[in-house]
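Colleague: Chains as they are written, first to last, in UniProt numbering: chain Z, 1 to 379; chain G, 1 to 379; chain B, 1 to 379; chain E, 1 to 379.
All residues carry an ideal CB built from backbone N, CA and C; glycine is no exception.
One structure, pasted below without further comment.
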């Protein structure tokens, strides 16, 4: 029997430009006949230059049409067309609103003040009621922001809140990003560490229960803080189980400014491996690849800033431990040739795993050169 | 007898570009023979497009050479040459690092964790010792950041910390900014409200004891939080007096992208009026202008975001109360002409005073249109 | 009897962005019952930041609805939505494609090689046939470019050619622009000098028969070169009369980055004064204002480049003759204060009329400071 | 006997920024004891993002110190620090002045009007006198532009003319550039085709005697046009020989935004192979690599513009012939998924060799996708 799942496509209006041009986002939804597994929300391209996720959603749609799906799945490519369409020179201005400088992935909403009152008011409710009421509370908060704000919303909030409204309806959230020039890596909440091994991604950053404005945090922090509030009130739950079977990941698919549909097919299989593990799809062929998986805690994921202006010859390969003292990069300073030091080598006193580096050879003093794992360990 | 104060000029290196070009900042210092009044630090042009402060420092230098000065005064124009020299099209990219999007005036340092231990350890010290030791602590913190950071500093931190090192040595700090298209206004800590009437500036925003990364906060919050820590420990001091005679202001001189040396002369006189009031200069001719001065609290200083994309005909003049319901602006939407509404009027349900508006007629949905005082009052 | 002309509105698709978003341009057309006068094409906002023309088209539409019109009139606001929607910081990146740097108003098409063969082949045709066939040739050339180009068109060519297709169908073409910070001025072909006095614009630049890629040149140069080709072949015509009643102007409405609907009403009246003069509208109330009108030839319209980096206090007012030696501007160089020359005055050895200046106080060495008329005369 | 050539280093001031910061360019010069071969000028990084040439100059300096040199050699890295230091987001704004949009490599000077008068006046001069006088004429022209221009120079002209002043003193000129994402290729004047096989570069574009503002043209066009003028006057010379032993190349070293010092060493060896062939260095170990070298004429070097907006999966590898009809790229249009065509394949009706492609996957309709050789042939 061949499966041919239907999806629905809707179009969400997320912004208007000066000429009146309306920017829209397509939303693809699969509805499971009997929704037994956790529901899923996947988006891509919130940062303008991070486009590979769109290709991954293409391949996921192609694959999901033939899958045995147990729950509802929503997929949103081109999540931020304002950013996606913004060129500065040949490149796409990636990470922030060109008018304000605010990072597009720091504008989601979470008011921590609602957690404790909710737990207190609903201390004796059933698990089902807690889940339903808290999900509704999250949605109501977003609706309130979107529709009842006299002084208005910023461009980025309007986009973020509309995406968040979709994400809050799901149990599992995947936000597809990329680094600048980068290996694949995964941001994973600490409680979901076990899930990290089901993605085909060799590097995982474990993040704590702190909301800093990003989509993953905006969707897992409310539940995690609620679980802790109940714990404090003497009603213990376990994250990742039952009504708290909520997980959110930022999936970093490699480098920005490029798409590759063949690599995207592999990326999609890795995501389906995770979805199979969570019971979203039943197809047994989706299994994680065997690989060494490294992890570190967010506090140990360090950015290294350039000690001088210059041009960087990036030397250290991604994903492999680099012994303390080995060079990460060398900085060319031709202005020093003949009467100074034209080559400056950069190394660290720690063993590190280089994860990503800056997108250009040319840096100012203080430009972020590398991000590296320190105090890393195997998953 | 004619006064002819000498100043010293030094040059501070604040950044290196990819070509190795070094960016420097000139630092002008007057030393009083007997330093009896509070010392002063004045800087300009931390945001690239906000250049009028450089002209004000020019006029202050011209005037201070002839003043009867009681204390040390340091003046720093071109505080951020990286930003000042960065063009995007014809305009100067004003507010943020073009690589990271981080606001240049949100990178100063203050670790609130040092306050309470300091107060406890120095509960019985003399006023003089408290002042000297706390000032040294602030400086040590900055030195530690500047010189002992294995992973380096961002471009903006390196600039900000060097400026902050100068500012922490002063009692009174003025950070000269401008708005986009703007009236003159003043950010003033709540405790220093009395001082606001000595500037020739008709609008004052009173700000609380919360550190958000700006220069004014970075220099007054430590002292204000220290004063509160002592209060909690039972040793009350008054802000603005004695060892707590510390004040910091962000002075918004009008609109960005322009200088006017004649207006700068007036601006300089207004600053000297404040310095006379604080005892920095003895010259009696510096007195505040008579004007109606309005103020509101920071929480009541509202940004209004555009409800649609379009082109704005800004209507409301700055600085005058605007009755609820009166139009602030109208939005032209030619794409709607003939089959929709080509003109959309914007008004608010509150009485407001418009303080500044966006620098361009062309806005996206969600672009900040105006900033206005609500719940304002007369000083 | 009250007139209520109907116009039709169509929408022209001019570009697609990376997300697939389509950018469109609204086209408004009045059809005269008996088309007796010259037909008209008016567009605005080809340069992104030059938005006042949109407001002028708004006011023209409001006025034309009540006019007694003799010929067809087409109006196109938002001619270039790619540019209009492109922000760099707070400002709109005005003049060029952000990817390639090519000036949006240098991409129109004119192949001068077609002129002489056409004149030779049609030396004995009737005036009517010459006009009809040459108009068709111009349109065919554009169609060929738009639809039969294997290697494709640049973003700007696709926009320009579609606008040009509309413009070639008209006899009179007005391209509404603005300067950076600017007085009102007019680019007028030398042969149409008499028409310049019917606009309410005090400064006119008379331009020769040289095609440099702009809309005005792209629509008058073909006819002017054709007229000269016939002249060389011994069949003289006069420009501005009969079949050569073709005129094109670039109308510079003042400063960029702003709209003012009240000023736009005045601007619209000035345009109607010209259209009345040309017989497009019959309403007698549209007459030119009395004013001193200055002109110079394009070769005498000079750009002045900054001799140094610095911050400019622009001193010379627009539109008034400035005697040789009088200062145009002074340049502040605070880095020279104390040990150099902090103020540098700029003047010229010619009498000039300042027409526009740079949009920002901050300039590099070599940035265009002013554009001025030299060798000017009264019209 | 080991050679240890000395070079001199001077610093040339090429620009000032708004803060007064001076931008300088280092100039390295080797003087041959007996200058018997043609003199050489090599520069790099005129376009901001094209930085690999700086690394090549580093390696050339390292190698030339040990070479047996016969003539003077001047090397200029960081030729354009204004561009090199200009970031837009993470990337360096490469090709044009951010204020004006003018391509930095289209601002060199050549007034063709001087050629014919010079040839007529010097028809009977000796070869040596012709060479010396014409070289001096070229230098005088540049001096005139640099030092006697009342209305000033643009930022780019000031840089270009200073570099050109150095280049006109040499016989052989190499301007080191890169493409966006690119194979190595060479712009070579048609008359110097034989020299192209001495570079280790597999693709050569043969360019005609037309000046379009670039450095290579600005240095070979004057001599080539002079040679043609003499030919017309009946005194034939051969380009590439005797006094007309002048050659200029734009050397495209691969992709922008990256340096690799090891690759730069190989690039330097390829340049030394050419210099050995021309007699600049005597060291016999510098010989060209064996490789298939393709060429086409400039008119056959085609840019392909995107027929739609979308995200490009670039498929065709560089440097290999691609049969007509084979796909160059596919364009992802997720907005069409489900109700349109989400993948669009691009191919051409000609056999081509892809040489470079756009730097980002995200393109507008009309963005340049690829540049390809058509009608190519083997050298």
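So, does the CB of residue 18/Z fall closer than 8 Å to a CB anywhere in chain C?
Modeller: The structure shown has no chain C; the protein chains it does contain are Z, G, B and E.
Colleague: Quick one: what's got a C-beta closer than 8 Å to residue 341/B's C-beta in the same chain, skipping five residues either side?
Modeller: Along the third chain, read from residue 1 onward, the residue named residue 341/B stands at position 341. So the qualifying residues of the chain are 333.
Colleague: Answer with yes or no whether the minimum CB distance from residue 193/E to chain B is below 8 Å.
Modeller: On the fourth chain, position 193 is the one that residue 193/E refers to. No - not a single Cβ of chain B is within 8 Å of the one on residue 193/E.
Colleague: Near residue 283/G, which residues of its chain fall below 6 Å by C-beta distance, leaving aside the five closest residues on each side in sequence?
Modeller: To locate residue 283/G, count along the second chain from 1; it is residue 283. Taken in chain order, the residues that qualify are 67, 68.
Colleague: Compile a chain-ordered list of the residues in the region 328 to 340 of chain Z whose CB is closer than 8 Å to at least one CB of chain G.
Modeller: 333, 334, 335, 336
Colleague: Helix, strand or coil: how does DSSP classify residue 25/E here?
Modeller: Start at 1 with the first residue of the fourth chain, and residue 25/E comes out as number 25. DSSP places residue 25/E in strand when its eight states are reduced to three.
Colleague: Within 10 angstroms of its Cβ, does residue 345/B collect 16 or more other Cβ (buried), or is it exposed?
Modeller: Start at 1 with the first residue of the third chain, and residue 345/B comes out as number 345. By the neighbour-count rule (16 or more Cβ atoms within 10 Å), residue 345/B is not buried but exposed.
Colleague: For chain B, is any of its Cβ atoms less than 8 Å away from the one on residue 4/E?
Modeller: To locate residue 4/E, count along the fourth chain from 1; it is residue 4. By this cut-off, residue 4/E is not an interface position.
Colleague: Using 10 angstroms around the beta-carbon of residue 267/Z, count the other beta-carbons present and answer buried if the total reaches 16, otherwise exposed.
Modeller: Here residue 267/Z is taken as the residue at index 267 of the first chain, counted from 1. When all chains shown are included, residue 267/Z counts as buried.
Colleague: What does residue 60/Z pair with, by DSSP beta-bridge criteria?
Modeller: The residue you call residue 60/Z lines up with position 60 of the first chain. DSSP, once it has assigned bridges, lists no residue as partnering residue 60/Z.
Colleague: Quick one: what's got a C-beta closer than 6 Å to residue 1/G's C-beta in the same chain, skipping five residues either side?
Modeller: For the purposes of this step, residue 1/G is identified with residue 1 of the second chain, where counting begins at 1. Summary for residue 1/G: the model assigns pLDDT 47, below 50, so the residue's position carries little reliability; its value from the coordinates is reported in the next sentence. Here the set comprises nothing.
Colleague: Go ahead and label residue 195/G buried or exposed: buried means 16 or more other beta carbons lie within 10 angstroms of its beta carbon, across all protein chains shown.
Modeller: Here residue 195/G corresponds to residue number 195 of the second chain, with the count starting at 1. Taking all protein chains in view, the Cβ of residue 195/G is crowded by 16 or more other Cβ atoms within 10 Å, so the residue is classified as buried.
Colleague: Distance cutoff 8 Å, beta carbons only. Does residue 321/Z sit that close to anything in chain G?
Modeller: Along the first chain, one-based indexing puts residue 321/Z at 321. Not closer than 8 Å to any Cβ of chain G, the Cβ of residue 321/Z fails to qualify, so no.
Colleague: Between the region 95 to 114 of chain Z and chain B, which residues of the former have a C-beta closer than 8 Å to a C-beta of the latter?
Modeller: Taking 8 Å as the cut-off between beta carbons, the residues of the region 95 to 114 of chain Z near chain B are 98, 99, in sequence order.
Colleague: Compare the beta carbon distance of residue 328/B and residue 354/B with 8 Å and say whether it is the shorter of the two.
Modeller: What you label residue 328/B is simply residue 328 of the third chain in a count that begins at 1. What you label residue 354/B is simply residue 354 of the third chain in a count that begins at 1. In contact: residue 328/B and residue 354/B (Cβ atoms closer than 8 Å).
Colleague: Closer than 8 Å by beta-carbon distance: list the chain E residues that pair up with residue 259/Z, in chain order.
Modeller: Counted from its first residue, the first chain places residue 259/Z at position 259. By Cβ distance, chain E contributes 311, 312, 313, 332, 361.
Colleague: According to DSSP, is residue 12/G helix, strand or coil?
Modeller: Start at 1 with the first residue of the second chain, and residue 12/G comes out as number 12. Here residue 12/G sits in strand by DSSP.
Colleague: Does DSSP put residue 254/B in a helix, a strand or coil?
Modeller: Residue 254/B sits at position 254 when you count from the first residue of the third chain. Residue state, collapsed to three classes: strand.
Colleague: Could you tell me whether any Cβ in chain E is nearer than 8 Å to the Cβ of residue 26/Z?
Modeller: Reading the first chain from its first residue, position 26 is the one you call residue 26/Z. Residue contact check for residue 26/Z against chain E: a CB pair falls below 8 Å.
Colleague: If we ignore side chains and look at the alpha-carbon of each, how far apart do residue 308/G and residue 286/Z end up?
Modeller: Position 308 of the second chain holds residue 308/G. Position 286 of the first chain holds residue 286/Z. About 45 Å.
Colleague: Could you check the C-alpha separation between residue 376/E and residue 294/E for me, to the nearest Å?
Modeller: By 1-based counting over the fourth chain, the position of residue 376/E is 376. By 1-based counting over the fourth chain, the position of residue 294/E is 294. A straight line joining the alpha-carbon of residue 376/E with that of residue 294/E spans about 7 Å.
Colleague: Please list the partners that residue 307/E has in chain B, where partner means a Cβ-to-Cβ separation under 7 Å.
Modeller: Numbered from 1 along the fourth chain, position 307 holds the residue referred to as residue 307/E. Simply 152.
Colleague: Taking only beta-carbon atoms, is residue 200/G less than 8 Å away from chain Z?
Modeller: Counting from one through the second chain, the residue named residue 200/G turns up at place 200. Not an interface residue.
Colleague: So what's residue 214/Z in DSSP terms, helix, strand or just coil?
Modeller: Position 214 of the first chain, counted from the first residue, corresponds to residue 214/Z. Here residue 214/Z sits in coil by DSSP.
Colleague: Taking all protein chains shown into account, do 16 or more other C-beta atoms lie within 10 angstroms of the C-beta of residue 238/Z, making it buried, or fewer, making it exposed?
Modeller: The count along the first chain starts at 1 and reaches residue 238/Z at position 238. By the 10 Å Cβ count, residue 238/Z comes out exposed.
Colleague: How about residue 200/B and residue 55/B: do their beta carbons lie closer than 8 Å?
Modeller: Here residue 200/B refers to the residue found at position 200 of the third chain. Here residue 55/B refers to the residue found at position 55 of the third chain. Contact flag unset, no.
Colleague: Can you tell which of 126/G, 219/G, 205/G, 185/G has its C-alpha closest to the C-alpha of residue 230/G?
Modeller: The residue labelled residue 230/G in the question sits at position 230 within the second chain. With distances taken between Cα atoms, residue 230/G lies closest to 126/G.
Colleague: Consult DSSP for residue 67/E and reduce its assignment to one of helix, strand or coil.
Modeller: Here residue 67/E is taken as the residue at index 67 of the fourth chain, counted from 1. Coil, per DSSP.
Colleague: What in chain E is Cβ-close to residue 364/B, meaning under 8 Å?
Modeller: For this step, residue 364/B is matched to residue 364 along the third chain. Here the neighbours are 15, 16, 17, 18, 82, 99, 155.
Colleague: What would DSSP say about residue 30/G, mapped onto helix, strand or coil?
Modeller: Position 30 of the second chain, counting from 1, holds the residue named residue 30/G. DSSP places residue 30/G in strand when its eight states are reduced to three.
Colleague: Along the region 52 to 75 of chain Z, what residues have a CB closer than 7 Å to any CB found in chain E?
Modeller: Those would be 54, 55, 57, 58, 61, in chain order.
Colleague: For residue 313/Z, which of 362/Z, 366/Z, 273/Z, 339/Z has the nearest alpha-carbon?
Modeller: Here residue 313/Z refers to the residue found at position 313 of the first chain. Answer by Cα proximity: 362/Z.
Colleague: If I follow the unbroken beta strand (DSSP E) through residue 302/E, where does it start and stop?
Modeller: Your numbering for residue 302/E matches position 302 in the fourth chain. Residues 301 to 305.
Colleague: Check whether the Cβ atoms of residue 48/G and residue 93/G lie closer than 8 Å to each other.
Modeller: Position 48 of the second chain holds residue 48/G. Position 93 of the second chain holds residue 93/G. Yes; because the gap between Cβ atoms is below 8 Å, this pair is in contact.
Colleague: Could one say the Cβ of residue 356/B lies closer than 8 Å to chain E's Cβ atoms, at least one of them?
Modeller: The residue given as residue 356/B occupies position 356 in the third chain. With a threshold of 8 Å between beta carbons, residue 356/B makes no contact with chain E.
Colleague: Of all the CB atoms in chain Z, is at least one closer than 8 Å to the CB of residue 87/B?
Modeller: Residue 87/B sits at position 87 when you count from the first residue of the third chain. Residue 87/B counts as touching chain Z.
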